[in-house]
Every structure is written in structure tokens, then in C-alpha cells.
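Structure, as C-alpha cells:
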Amino acid sequence: MLRDGRELELPVEAVSPGEVILVRPGETIGLDGVVARGRSSVSEAAITGESTPVTKEEGDPVYAGTLVEDGSLEIRVTRPAGESTLARIAALVEEAQHRKAPVERFVDRFARYYTPTVVGIAVLVALVPSLLGLPARTWIFRALMLLVIACPCALAISTPVAMVSALVAAAKRGILVKGAAALEAIAGVRFLALDKTGTLTTGELRAEVFPLDGADPGEILRIAAALERGSEHPIARAIRALAGDGDSLPDVEDFRALPGRGVRGRIGGEEYVVGRPELFRTLPEAVREFVASGKSLVLVGKPEMPMGVILLSDELRPEAKGALAALRGLGVEPVLLTGDRAPVARRVAEALGIEEVHAELLPEEKLSLVEGLRERGGVAFVGDGINDAPALAAADVGIAMGAIGTDAAIEAGDVALMRDDLRGIPELVTLGRRALRVVRANIAVSIALKLVVAGFAFAGLASLALAVLIGDVGASLLVTGNAMRLQGPPRGRGN
Numbered sequence: 034m035l036r037d038g039r040e041l042e043l044p045v046e047a048v049s050p051g052e053v054i055l056v057r058p059g060e061t062i063g064l065d066g067v068v069a070r071g072r073s074s075v076s077e078a079a080i081t082g083e084s085t086p087v088t089k090e091e092g093d094p095v096y097a098g099t100l101v102e103d104g105s106l107e108i109r110v111t112r113p114a115g116e117s118t119l120a121r122i123a124a125l126v127e128e129a130q131h132r133k134a135p136v137e138r139f140v141d142r143f144a145r146y147y148t149p150t151v152v153g154i155a156v157l158v159a160l161v162p163s164l165l166g167l168p169a170r171t172w173i174f175r176a177l178m179l180l181v182i183a184c185p186c187a188l189a190i191s192t193p194v195a196m197v198s199a200l201v202a203a204a205k206r207g208i209l210v211k212g213a214a215a216l217e218a219i220a221g222v223r224f225l226a227l228d229k230t231g232t233l234t235t236g237e238l239r240a241e242v243f244p245l246d247g248a249d250p251g252e253i254l255r256i257a258a259a260l261e262r263g264s265e266h267p268i269a270r271a272i273r274a275l276a277g278d279g280d281s282l283p284d285v286e287d288f289r290a291l292p293g294r295g296v297r298g299r300i301g302g303e304e305y306v307v308g309r310p311e312l313f314r315t316l317p318e319a320v321r322e323f324v325a326s327g328k329s330l331v332l333v334g335k336p337e338m339p340m341g342v343i344l345l346s347d348e349l350r351p352e353a354k355g356a357l358a359a360l361r362g363l364g365v366e367p368v369l370l371t372g373d374r375a376p377v378a379r380r381v382a383e384a385l386g387i388e389e390v391h392a393e394l395l396p397e398e399k400l401s402l403v404e405g406l407r408e409r410g411g412v413a414f415v416g417d418g419i420n421d422a423p424a425l426a427a428a429d430v431g432i433a434m435g436a437i438g439t440d441a442a443i444e445a446g447d448v449a450l451m452r453d454d455l456r457g458i459p460e461l462v463t464l465g466r467r468a469l470r471v472v473r474a475n476i477a478v479s480i481a482l483k484l485v486v487a488g489f490a491f492a493g494l495a496s497l498a499l500a501v502l503i504g505d506v507g508a509s510l511l512v513t514g515n516a517m518r519l520q521g522p523p524r525g526r527g528n
């Protein structure tokens, strides 16, 4: 930070609002504030999820946890460390997790009354007939048979054995579920809220060249890649990836970086510019249309006039469209929640057939929208970044992209997709619903078997061995075998 004309390095907690901090290229901004001096591209992906860095200059707000790409910034602090955007995200995650009540299982509630009721009935069966003058030995024996038949072993394992079997089946598919409560909740979701960058898209920018006035697309790309050769900016990486072999690129002289705007240099004695529209003296009407569309772009050409436009887009995951179609078939409606710009969000939503779109959201706004969806029905949220953590924690089921996701997102979520494959979500919904059907079937079968054997026992038609074999051991083996079917692929709705 800058204090009394000197540069000091202090813990963020020691900096007060109104003081000025200095952030150099490649450093992370430590506190929320407003740019007092300087200009730079800032990656806000950790906070807003927007894949393209945003240009920040004097008067623009900046957030703790974001990364300065190029150029130094002097920032006037507006909030203390404990109230920064990053700190509020952490607080929102903790608060959302505490609000989530644990799922109380039907069998647990049932067992509170089942066991004492059965013991009471057995006592009555042993005593009442004896007091009425009937053979005491016979009715005591039948009371013992009732206790054996009513032993809740099969009933007690009917739920956990099915849930464990389903959790193992999910793990085999690369889907790590943190507990049976999440598996039960996913079966009842009506909405799937999704982040965009890194979730529906790959998070890697793709470049596409559009020449102007008959210019050569290859030449445009060669000039852009040569000027961006030494930069690690995401836009520069995308341009170089499209250009291919860097050994064939021309040499650049008098290279200059223009923080937050672009780069400039001489190639073959001619001056060229790659960057934002304001670097060029004249903009053709076609360029104005590109700029008005809200698409991410850079212009390439001489300072007087651009030769071409390089459009930048975050590629959709190839499996995204099919995965969302499968979810709609299961009655789950996708909703897009993103910190990216509205035009970008709308294009992604149109490509994937998503009708409900909310863009330019901060983490607390995502959290609020997820809570609103919970009131309309069960909701699962899918995300991968720090900014998604509060929404992941607040949703009925939080699903984190496990391979590319941040530690905060994986910790806050209930499920991790270790293959980063969205097709795992409809698989998980189907598996959760199958698991609940198996649980209900297991409970029904175990109770039905006990009632049938108990009826035979009271009629004097069942032996103790039969009661043990069918009412206890047999029922336990049956519900276990039924639960193990979850390890195999689904063969129909009733499976």
C-alpha cells in the first residue's frame, strides 16, 4: 500500500477505507475499492464468472480476489477486509450451509414407534390368553415368534443398503455424492440452475477472424499472433492457438503494451495495432455493428483503420445440449445464472434452449435467485468458481465441476462431477429416483412379509424356523438383493 509517500506491505486487516493500495500486473487485488490511478485488464472470473477480462480505469470499482492482468492500478479502498466481496462470499457460504436442515428419514421416524409397539403387543399376546385360561406355553411361544418375525433388521437396512448401493454406482460413473441426503434431494428437484463459464462452457476462449474490405484472414491472424506472442492474456492465448505454429510469425519491432487496451508494434516497417476499438481513428460500419452486438472482440490493423475483427467466444461444452435435453425429459427445467454480460448469456441460452436467463449477477444475487427457485420447487445448482460457492451451499443440491472447480466450490457442493461431464447430472437424477423407488419397495416388502408370517404364526401354521427364515433372514436378504440392482444400468422406469 501507499502511505506517506512510501510503499508498505501490510496484512489486509491493517488497511482502512480511504487508503490507497498498489497492485502490479499478475497480482491479486486484496481489498474492494475504486481505481484512483492507472488502467488495466482485470480478470473477475473468481467473483462474477465472466470469462473475458474487464478493462478498469479511474473511477471503476474493483473487487478483492480479482486478478490484474496488465498495467499497475492504484486503488482507493472502500471496504475493510472483513466486509470485502471475498469475505462476504465466505460468510454467505457458511450462512447458507447452516440453513440447510438434515433430511429426516421415514424409517427413522417409523422406528420410534414400531419397536415399543411390537414389544407391547408381544407382552399382551403372552399374558392376556394365559389370564383367560388358555394354554400359557402356547401363547408365550407365539409371543416369542412375534418378536422374531417383527425384528426390524430388514426394515432398518432397507434404506441405508439402497442408498449405499446408489452412492457406489454414482462413484463408478465419476459422480461423487457426499451423502444419502443429497441423493434423496436430487430425486425431487424441479429446477437446475447453472453457471455459464466453466459449467456450460469450457472456460477457454475461441478466436474467429472476420476480415474487412477484402483483407486476407491469414494475414490478419499472423499480425495479431505476432503482436500477442509474448502475452499470457487469455485473449492472446486464444489468438495464438488459432494461428498455430509460432515459428512462422513475423518479427515485431518497437513493441508497446497498452494496458487495458491492447498492443502496438511495427511489422515490416508498418505500424499495427491489436486491441479495443478506441485505438483506431476510423471504424467502418461493420465494426460498429459488431461492437453494438455486445460480443467480445479485438480489432487488428493500422491505427488509421482496422483490417479485420477477431471475435472471441467461450466454447460450449459438447455434451451440454444433450444433457439439458435429457433433464427436460425428466421434468427438470434448466435456468441460467451468470455474472457474464447479458448479450453473451442470451446467446448461450438460445444455443441450449434455456428460457429463463439471469445475467450480470454478483454472488449474493445468485444466492437470492437460488433461494427464490427453492420456493418454487426443489433446485440443484451447478457451478465451478469461488463466486458460485454461496449458491452451491444454499441449493437443495449443490453440484460442483470436480476437475476444474475451485476448492471453495467443491467444499460447498454436495456433489462433484469428477469428469466435468454434464451428462452425469441426468444420470444422477435418474439414479436418485431409482434409489427412492427401491427404498419404498424394500420397506413395503419387509413389512408385507412380516404381516403374512405373523398371520400364519397366530393361526398356529408357522414354526419358529419359518419365522426366522422368511420374516427375518429372508427379508433381509431380499431387500439387500433388491438394493444391489442399483449397481447395474437402468432397464426401465420401474427398475
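If you count by my numbering, then the sequence shown holds residues 34 to 528, one letter each, in order.
For glycine and all other residues, C-beta sits at the position ideal for the given N, C-alpha and C.
> Mapping DSSP to helix, strand and coil, what is L157?
Replying inline: L157: helix per DSSP, three-state reduction.
> Which residues share a DSSP beta bridge with D347?
Replying inline: In DSSP, D347 forms a bridge with L238.
> Name the DSSP beta bridge partners of K89, please?
Replying inline: K89 is bridged to S73.
> Do you know how far the Cα of E388 is from the Cα of A155?
Replying inline: Each residue's Cα considered, the two are about 60 Å apart.
>> Buried or exposed for K205, going by 16 or more other Cβ atoms inside 10 Å?
In response: With fewer than 16 Cβ atoms within 10 Å of its Cβ, K205 is classed as exposed.
> Per DSSP, V56 is paired with what?
Replying inline: Beta-bridge pairing links V56 to L106.
>> Give the list of continuous beta strand (DSSP E) stretches no shorter than 3 residues that lie fully inside the region 200-254.
In response: The DSSP assignment places complete beta strand (DSSP E) segments of no fewer than 3 residues inside the region 200-254 at 208-210, 222-227 and 234-244, in order along the chain.
>> For E460 and K211, what's the separation of their Cα atoms in angstroms?
In response: The C-alpha of K211 is placed about 16 Å away from the C-alpha of E460.
>> Between which residues of its own chain and L469 is the CB-CB distance below 6 Å, once the five residues before and five after are set aside?
In response: Cβ within range, chain order: A220.
> Hey, out of L35, A189, L41 and P376, whose CA is closest to V390's CA?
Replying inline: Residue P376 is the option with its Cα nearest to V390.
>> Going by DSSP, what residue range makes up the alpha helix (DSSP H) through S509?
In response: Where S509 is concerned, the enclosing alpha helix (DSSP H) stretches over A508 to M517.
> What's the call for L167, buried or exposed, on a 16-neighbour Cβ count within 10 Å?
Replying inline: In this structure L167 is exposed. Its beta-carbon is surrounded by fewer than 16 other beta-carbon atoms within 10 angstroms.
>> For A433, report the span of its alpha helix (DSSP H) as first-last.
In response: Segment V430 to M434 is the beta strand (DSSP E) holding A433; no alpha helix (DSSP H) there.
>> Just verifying my parser: in three-state terms, what is the DSSP assignment at F288?
In response: DSSP places F288 in strand when its eight states are reduced to three.
>> Bridge partners for Y147 per DSSP, in chain order?
In response: None, per the DSSP bridge assignment.
>> Using a Cβ-Cβ cutoff of less than 7 Å, which residues in the same chain neighbour G446 once the five nearest sequence positions on both sides are dropped?
In response: Here G446 has L425, G431, I432 and A433 as same chain residues with Cβ atoms under 7 Å from its own Cβ, once five neighbours each way along the sequence are excluded.
>> So for S117, helix, strand or coil by DSSP?
In response: DSSP places S117 outside both helix and strand once states are collapsed to three, so it counts as coil.
>> Quick check: the Cα distance between F224 and G410, rounded to an integer number of angstroms?
In response: Going by the C-alpha atoms only, they are around 7 Å apart.
>> Closer than 8 Å is the cut-off here; do at least three beta carbon pairs connect the region 500-519 with the region 392-405?
In response: No, the region 500-519 does not touch the region 392-405.
> Roughly how many angstroms separate the alpha carbons of A516 and G435, rounded to a whole number?
Replying inline: So the alpha carbons of these two residues sit roughly 27 Å apart.
>> What does the alpha-carbon distance come out to for the pair V479 and L157?
In response: Looking at the sequence shown, residue 479 is not Val but Ser. S479 and L157 have their alpha carbons spaced roughly 23 Å apart.
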